[in-house]
């Protein structure tokens, strides 16, 4: 459990990860699902697989920042650690070095940096060296795991109108039928604060939050 997450959050997350597992498996990239406290599981996994480089996603939440600090303390000084910001086009640390009081004070700073950061994602290629060790730990019983979290977190049930996974996220973003960029962006400036027009908003937050698409 993380911050009271129930079936709605955990089911969405796991179904997206299942799709990711299938996608990267076709590129011969192994997927490991670690269950337990990240402060324990991540350092142990790094040691077990002999990793030399750790990449983590930025989060401003104190609990996650504290967890990352503890992971760093429990890993070797020789381990290279990089933090990326997949939630924002312009990374938080590049956008501003001080506390901003509103959108108007930071908007210009972000717009100034867009030419540097608003670029196409590179195509994901298969690794040059095939991973052959620990492959038994890449097996995940997705159906059983998803059934478990959905059952135990049933007090906040899943919703049908928000389909998990990268493919669904890209459809919400750029779909020909109802995509935010392709069909709905024109109404955003006038209707975004109108509670009876929810379609004026992007609907992308769940996909960005769980890393199923990146900014």
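Residue numbers (the UniProt record's numbering): 1 to 215.
All C-beta atoms in this analysis are idealised placements derived from N, C-alpha and C, irrespective of residue type, glycine included.
In the assembly as shown, residue 115 is an exposed residue. Its beta-carbon has fewer than 16 other beta-carbons within 10 Å. By the 16-neighbour rule on beta-carbons within 10 angstroms, residue 192 is exposed. Proximity of the stretch 130 to 150 to the stretch 27 to 37 meets the contact definition, three or more beta-carbon pairs being nearer than 8 Å.
A contact between stretches requires three or more CB pairs, one per stretch, nearer than 8 Å, and the stretch 136 to 143 meets this requirement with the stretch 29 to 46.
Counting other Cβ atoms within 10 Å of its Cβ, residue 68 reaches 16 or more and is therefore classed as buried. By the C-beta density criterion, residue 159 is exposed, having fewer than 16 other C-beta atoms within 10 angstroms. The C-alpha of residue 73 is placed about 16 Å away from the C-alpha of residue 83. Annotation for residue 5: no residue places its beta carbon closer than 6 Å to its own, counting only its chain and skipping 5 residues before and after.
When the Cα atoms are used, residue 38 and residue 190 turn out to be separated by approximately 43 Å. Counting along the chain, residue 156 sits inside no beta strand (DSSP E), nor does DSSP assign it H or E at all. Between residue 173 and residue 110, the CB-CB gap reaches or exceeds 8 Å. With contacts defined as CB atoms closer than 8 Å, residue 15 and residue 165 qualify as a contacting pair.
C-alpha of residue 112 to C-alpha of residue 96: approximately 11 Å in a straight line. Taking a C-beta distance under 8 Å as the contact criterion, residue 75 and residue 52 do not qualify as a contact pair.
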